[in-house]
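In case it helps, the working numbering puts the sequence shown at residues 55 to 307.
Note that the Cβ used here is the ideal one computed from N, Cα and C, for glycine as well.
Input: a single structure, listed below in structure tokens.
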Amino acid sequence: MEAEKVKEVSKPSNPRHEEKLFLEGPQSRMRDLLFLIKIMFEFIKGFRKLHFIGSCVTVFGSARFKEGHKSYELARQMGAGIANMGFTVITGGGPGIMEAANRGAREAGGRSVGCNIVLPQEQQPNAYLDKWVNIRYFFVRKVLLSKYSYAFVVMPGGFGTMDEFFEALTLIQTNFIKRFPVVVMDIEFHKQLYGHFEVMIAAGTIHADDLKLLLFTDSVEEAVKHIEKNAIEQFHLRKKKHMKRFPWLGERR
Numbered sequence: 055m056e057a058e059k060v061k062e063v064s065k066p067s068n069p070r071h072e073e074k075l076f077l078e079g080p081q082s083r084m085r086d087l088l089f090l091i092k093i094m095f096e097f098i099k100g101f102r103k104l105h106f107i108g109s110c111v112t113v114f115g116s117a118r119f120k121e122g123h124k125s126y127e128l129a130r131q132m133g134a135g136i137a138n139m140g141f142t143v144i145t146g147g148g149p150g151i152m153e154a155a156n157r158g159a160r161e162a163g164g165r166s167v168g169c170n171i172v173l174p175q176e177q178q179p180n181a182y183l184d185k186w187v188n189i190r191y192f193f194v195r196k197v198l199l200s201k202y203s204y205a206f207v208v209m210p211g212g213f214g215t216m217d218e219f220f221e222a223l224t225l226i227q228t229n230f231i232k233r234f235p236v237v238v239m240d241i242e243f244h245k246q247l248y249g250h251f252e253v254m255i256a257a258g259t260i261h262a263d264d265l266k267l268l269l270f271t272d273s274v275e276e277a278v279k280h281i282e283k284n285a286i287e288q289f290h291l292r293k294k295k296h297m298k299r300f301p302w303l304g305e306r307r
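As structure tokens, then:
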């Protein structure tokens with residue numbers, strides 16, 4: 055798919071107005087009901103669009119790294135490694151690390167999917183996606199990225215990446231989702247974060263066993279082996295037959 059073929063993302067309708075209303079506190083019952091209906095349709099849109107993408111590995115990371123940056127190239131290699139295991143690579147669908155992981159999957163002949171967030175500055179889906187869905191709300195996107203994934207890869211990033219990382223960790227630690235492997239790439243970038251985990255263990259706010267949920271590494275090969283052992287073998291994943299599609303529901307290839 056060429057970059058010029060990527061569809062435009064429509065602007066969110068009055069995002070500042072919605073934010074202002076939200077911050078004003080409780081709204082009328084009708085306004086709250088309409089908001090819930092809007093959220094429901096966002097989930098339905100995401101579920102329908104991503105229903106046939108298969109078993110995925112989610113890659114989190116910054117949108118700010120360009121081609122040639124070491125983190126971009128590492129994510130590109132990671133995307134290829136994930137695809138070679140038979141997983142679909144799923145990302146936030148944007149530029150930077152997300153683009154790199156999707157690109158690596160595409161170059162390796164694998165499937166590449168994105169959950170693109172619709173922002174006021176009109177973030178566009180990157181050019182290496184086989185399929186994507188445009189989502190207006192971050193919390194809906196995080197649910198979709200978790201729903202289809204058997205492992206999570208955390209690349210260098212900012213607040214958004216940390217938000218996604220810690221939500222995945224919390225869901226695993228509290229057994230709201232299974233103990234899917236979480237791989238943190240780039241030891242140097244994350245060394246102070248790892249140090250803070252040790253502070254948390256010493257303070258008793260987390261248990262030492264909680265770190266067993268994580269692999270910190272610089273090696274794509276080690277990351278792939280870790281996912282193979284703790285996702286493919288642990289959950290007995292096999293290549294599934296194509297799910298039946300129902301044209302009357304608008305389900306097409």
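Residue i versus the options, residue with shortest Cα-Cα distance
i, options, result
"ASN170", "LEU247, ALA277, VAL197", "VAL197"
"THR259", "THR142, GLY108, PRO80, THR224", "THR224"
"LEU247", "PHE220, GLY140, THR228, MET132", "PHE220"
"MET132", "ARG160, GLY148, HIS105", "ARG160"
"ARG157", "ALA262, ASN180, ASP264", "ASN180"
"TYR202", "VAL111, SER82, LYS99, GLN81", "VAL111"
"HIS105", "LEU291, PHE119, VAL167", "VAL167"
"LYS120", "ASN188, VAL274, PRO149", "PRO149"
"LYS232", "LYS298, PHE206, GLU218, LEU88", "PHE206"
"ARG165", "ASP264, GLY135, LYS298, LEU173", "GLY135"
"ALA137", "SER109, ARG118, LYS124, GLY146", "SER109"
"ILE98", "PHE76, SER116, ARG85, ARG195", "ARG195"
"HIS244", "ARG83, PHE76, THR215, LYS185", "THR215"
"ASP37", "PHE234, PHE193, LEU265, GLY79", "This structure gives no information on residue 37, because the portion of the chain shown stretches from 55 to 307."
"SER273", "ARG190, LYS124, HIS71, HIS250", "LYS124"
"VAL187", "SER116, THR145, HIS261", "THR145"
"PHE89", "ALA117, ASP264, TYR191", "TYR191"
"PHE101", "GLU276, ILE189, ARG85", "ILE189"
"ASP264", "ALA222, LEU77, ARG118", "ALA222"
"ALA117", "GLY163, GLN178, GLU78", "GLN178"
"PHE114", "VAL253, LEU199, ILE286", "LEU199"
"ALA277", "SER82, VAL236, LYS74", "VAL236"
Sheet register partners of residue i (DSSP bridge)
i, result
"MET239", "THR271"
"THR259", "DSSP lists no partner for THR259."
"THR228", "Per DSSP, none; premise fails for THR228."
"VAL113", "VAL207"
Integer Cβ distance of residue i from residue j, believed to fall under 8 Å
i, j, result
"LEU173", "GLY147", "Rounded, the Cβ-Cβ distance is 11 Å, inconsistent with contact."
"TYR204", "PHE230", "That belief does not hold up - the Cβ atoms of TYR204 and PHE230 are roughly 15 Å apart, past 8 Å."
"ILE107", "LYS185", "7 Å"
Run through the segment 142-214 for me and flag every whole beta strand (DSSP E) of 3 or more residues, listed as ranges in chain order. Runs of the beta strand (DSSP E) inside the segment 142-214: 142-145, 166-171, 185-189, 203-208.
Okay, do the segment 238-251 and the segment 206-219 touch, 3+ Cβ pairs below 8 Å being the bar? When C-beta atoms of the segment 238-251 are compared with those of the segment 206-219, three or more pairs fall below 8 Å, so the two segments count as touching.
Counting Cβ pairs closer than 8 Å, one from the segment 255-272 and one from the segment 86-101, do we hit at least three? no
Does the segment 274-293 touch the segment 129-149, meaning 3 or more C-beta pairs lie closer than 8 Å? The answer is yes - the segment 274-293 touches the segment 129-149, with three or more Cβ pairs under 8 Å.
For the segment 148-155 against the segment 122-136, are there 3 or more C-beta pairs whose distance is under 8 Å? yes
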